[in-house]
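Participant: Residues -23 to -1, 1 to 548 (mature numbering (1 follows the signal peptide of the UniProt record, and there is no 0)) make up the sequence shown, in order.
One structure is given below, represented as structure tokens, and several questions about it will come after.
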Amino acid sequence: MAISSAWLFFFLCSLFLSHGVLELEASHHVDPNLQVSSTTPPEYQPYRTSYHFQPPKNWINGPMVYKGIYHFMYQYNPEGTAWGNIVWAHSTSTDLVNWTPHDPIIYPSQPSDIKGCWSGSTTIMPSGTPVILYTGINPKQEQVQNLAMPKNLSDPYLTEWVKSPKNPVMAPSPENHINASSFRDPSTAWLGPDGTWRVVIGSKTDRRGLAILYRSKDFITWILSQHPLHSVEGNGMWECPDFFPVSIDSNRGVDTSTLGPKVKHVLKVSLDDTKYEYYTIGTYDLDKDIYIPNIGSVESDLGLRYDYGKFYASKTFFDSLKNRRILWGWLNESSVPDDDRKKGWAGVQAIPRTLWLDKSGKQLVQWPITEIEMLRGQQVNLPQQVLKGGLALEVSGVTAAQADVVISFKASDLEKAEVLDPSWTNPQVLCKQKSASVKGSLGPFGLLVLASKGLQEFTAVFYRIFKGQNKYVVLMCSDQSRSSLNDSTDKANYGAFLDVDPIHEELSLRSLIDHSIVESFGGGGKSVIAARVYPTLAIDGQAQLQVFNNGAENVQITSMSAWSMKKALIN
């Protein structure tokens, strides 16, 4: 990932090679010359998360499972809260919730990475050996790809890694016409039935985004394909490409090398220009080594996205322990650099999410990993009731700044829904125009989270129902416009159209609230919006949780449960 795009990067080993990677150089512990900043975060930390991953201080950006242990390798600046001085930090877990820190495993030491160790991915070989491909910066400031593997495979914590003396294993040259400043973020590799490994690397040519394809028989010698796996004109640089299969008839995950008629493939790219991501679902033509998106796919950030809020540089991995595919991404900051320095840290990871193909085959569905529910404490329930237009209910008895909230609504009188203007095609723009304070017919209704007592501050997560030409249209919004009295923070509004039928389905909403994070899952995970907020009044015990309806029509609360969340043990 580029310098302009700070992020956490997680990798999970999902593939393995039958050959060992030989001739690796001496082991790499922490660089003895690495100077860790003495900057200490302030003692009072009202915005520091309690169950989202972050290091003790400074800047983070970045999974794999090996011998029953989950590994999180991520880009980390041990010297400050801004991007720079990047090493690969390392934490381990047995449950993806509680994390133990270890020494950094990769830092600049070879000519091929002496100017920086950037992002990459882990692949598990058929023998069970995890290997890392990562982007390094050489003395010419060129982006090249490097190889590393564990020094001691009997160590389940993988605390020492060694680099190949043959690094770089992939590099730009005058002959291959690769843009040396736009050649980064190798994906997890996959093994074809021909015994050949394949990997894609993000790049661009002018304004065309590229997933450059390489092949290898031994994971050491890589040959550039004559064509990319896929490319799209007008996207600009593709960062952090991720290419993986999903089952068409099961919610269970499949290994990254799985092929055949029972899977579709997903290609996700992160757009360096906009700092948004999008994905498409399609078919992998192994004979031609190309990816073909489904007909009608929108190949831009106006198309399908994992998350329609603050979410970037994501990575999936196949969890072989529980046969699931897990998505993990970086929730970029909404605070300004000066505020980051004051609080002593910047950068937080989303909650890991299980990911699968919706039964419609048209989109992916995400849901927080079940392990996060082990942190649920005191539970509060609201009975079924009608929530009249213009009213709000406070939910007491829950730690509103650190909670897990699940609620479902049922709307009647759908014929009274506001007519959807045909020009309202962009949900982000529509949510800005029709914020929580704009009274409607059926909506806005939903949650006010991290709300102050007098509602000077709140973050609203809500629905509106519109009457389209042939169906009802549900808009999901996360409105940060009133989230903080600090005007220096980013208080954007985010939105998505939710593929549910309000005639036959309830509108469910789950929000994970963690001090400065609000992750919201609509329609059972069909649309997800993450927000970073920094209230000045609604902090800790002063924060409230409310259910509200600012529409003219009544809606029914069919179920509602909220849990105070315990603090996870993180680093």
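By construction, the Cβ of each residue, glycine as well, lies at the ideal position given by its N, Cα and C atoms.
Give the list of continuous beta strand (DSSP E) stretches no shorter than 3 residues that lie fully inside the stretch 314 to 392.
Facilitator: Counting whole runs of 3 or more residues, the stretch 314 to 392 contains the beta strand (DSSP E) stretches 330 to 334, 341 to 345, 353 to 359, 362 to 364, 368 to 371, 379 to 388.
Participant: Could you check if residue 530 is buried or exposed, using at least 16 other CB atoms within 10 Å of its CB as the buried criterion?
Facilitator: Buried, since its Cβ has 16 or more Cβ neighbours within 10 Å.
Participant: Around the Cβ of residue 21, are there at least 16 other Cβ atoms within 10 angstroms (buried) or fewer (exposed)?
Facilitator: Classification of residue 21: exposed, given that the 10 Å Cβ count is below 16.
Participant: Residue 589: which of 197, 168, 175, 289 sits nearest, CA to CA?
Facilitator: Nothing about residue 589 can be read from this structure; the chain reaches only from -23 to 548.
Participant: Ignoring anything shorter than 3 residues, give me the beta strand (DSSP E) runs that lie fully in the stretch 495 to 536, in order along the chain.
Facilitator: As far as the stretch 495 to 536 is concerned, its whole beta strand (DSSP E) runs of at least 3 residues are 504 to 509, 521 to 526.
Participant: Using the Cβ count rule (16 or more neighbours within 10 Å means buried), how would you classify residue 527?
Facilitator: Buried, because 16 or more other Cβ atoms sit within 10 Å of the Cβ of residue 527.
Participant: Could you give the DSSP three-state label for residue 74: helix, strand or coil?
Facilitator: Residue state, collapsed to three classes: coil.
Participant: Taking residue 509 as the reference, give the member of 192, 524, 533, 458 with the closest Cα.
Facilitator: Closest option to residue 509, Cα to Cα, is 458.
Participant: Quick one: what's got a C-beta closer than 7 Å to residue 411's C-beta in the same chain, skipping five residues either side?
Facilitator: Contacts found: 417, 441.
Participant: Would residue 546 be called buried (16 or more neighbouring beta carbons within 10 Å of its own) or exposed?
Facilitator: It counts as exposed.
Participant: Sort out for me which residues DSSP pairs residue 432 with in a bridge.
Facilitator: Residue 432 pairs with nothing; no bridge assigned.
Participant: On the three-state DSSP scale, how would you describe residue 546?
Facilitator: Reduced to three states, the DSSP call for residue 546 is coil.
Participant: Between the alpha carbons of residue 112 and residue 444, how many angstroms are there, rounded?
Facilitator: Each residue's alpha carbon lies about 49 Å from the other.
Participant: Are any of the Cβ atoms in chain D nearer than 8 Å to that of residue 50?
Facilitator: Structure shown: chain D not included; a single protein chain is present.
Participant: Residues in the same chain with beta-carbon distance under 8 Å from residue 361, minus the five sequence neighbours each way, listed in chain order, please.
Facilitator: Closer than 8 Å at the Cβ level, and outside the excluded window around residue 361, lie 533, 534, 535, 536.
Participant: With which residues is residue 107 paired in a DSSP beta bridge?
Facilitator: DSSP output for residue 107 lists 101 as bridge partner(s).
Participant: Just to confirm, are residue 29 and residue 491 a CB contact at a threshold of 8 Å?
Facilitator: A contact, by the Cβ cut-off of 8 Å.
Participant: Cα separation between residue 145 and residue 229?
Facilitator: The straight-line gap from Cα to Cα measures roughly 36 Å.
Participant: Who are the near neighbours of residue 480 in its chain, counting only those whose CB is closer than 6 Å to its CB and skipping five residues on each side?
Facilitator: So the list is empty, once near-sequence residues are dropped.
Participant: Are the stretch 446 to 463 and the stretch 393 to 409 touching, with three or more C-beta to C-beta distances below 8 Å?
Facilitator: Yes, since at least three Cβ pairs between the stretch 446 to 463 and the stretch 393 to 409 fall closer than 8 Å, the two stretches touch.
Participant: Please classify residue 146: does DSSP put it in a helix, a strand, or coil?
Facilitator: Three-state result, residue 146: coil.
Participant: Report the rounded CA-to-CA distance for residue 83 versus residue 349, giving the unit in angstroms.
Facilitator: Their backbone Cα atoms lie some 29 Å apart in a straight line.
Participant: Report the CB separation of residue 88 from residue 116 in whole angstroms; it is logged as a contact under 8 Å.
Facilitator: Indeed they touch by this definition, with Cβ atoms about 6 Å apart.
Participant: For residue 468, which option in 485, 478, 104, 494 has the closest C-alpha, if you only look at C-alpha atoms?
Facilitator: It is 494 whose Cα lies nearest to the Cα of residue 468.
Participant: Does the contact criterion of 3 or more C-beta pairs under 8 Å hold for the stretch 257 to 265 versus the stretch 236 to 247?
Facilitator: Yes, since at least three Cβ pairs between the stretch 257 to 265 and the stretch 236 to 247 fall closer than 8 Å, the two stretches touch.
Participant: Grouping DSSP H, G and I as helix and E and B as strand, with all else coil, what is residue 130?
Facilitator: Reduced to three states, the DSSP call for residue 130 is coil.
Participant: For residue 209, which beta-bridge partners are listed by DSSP?
Facilitator: Its beta-bridge partners are 186.
Participant: Contact defined as beta carbons within less than 8 Å: I believe residue 306 pairs with residue 290. What is the distance between those atoms, to the nearest angstrom?
Facilitator: Contact holds; Cβ gap of about 7 Å.
Participant: CB-CB under 7 Å to residue 472, same chain, minus the five flanking residues each way: which ones, in chain order?
Facilitator: For residue 472, where only same-chain residues beyond five positions count, the Cβ hits under 7 Å are 285, 404, 405, 407, 408, 452, 453, 454.
Participant: Under the three-state reduction of DSSP, which class applies to residue 484: helix, strand or coil?
Facilitator: Note: residue 484 maps to strand in three-state DSSP.
Participant: Can you tell which of 69, 321, 178 has its C-alpha closest to the C-alpha of residue 45?
Facilitator: Selected option, being the one with the closest Cα: 69.
Participant: Please name the residue, chosen from 49, 255, 73, that lies closest to residue 352 on a Cα-to-Cα basis.
Facilitator: It is 73 whose Cα lies nearest to the Cα of residue 352.
Participant: Between residue 355 and residue 191, what straight-line distance do the alpha-carbon atoms span, to the nearest angstrom?
Facilitator: So the two alpha carbons sit approximately 52 Å from each other.
Participant: Do residue 313 and residue 465 count as a contact pair if the criterion is CB distance below 8 Å?
Facilitator: A contact, by the Cβ cut-off of 8 Å.
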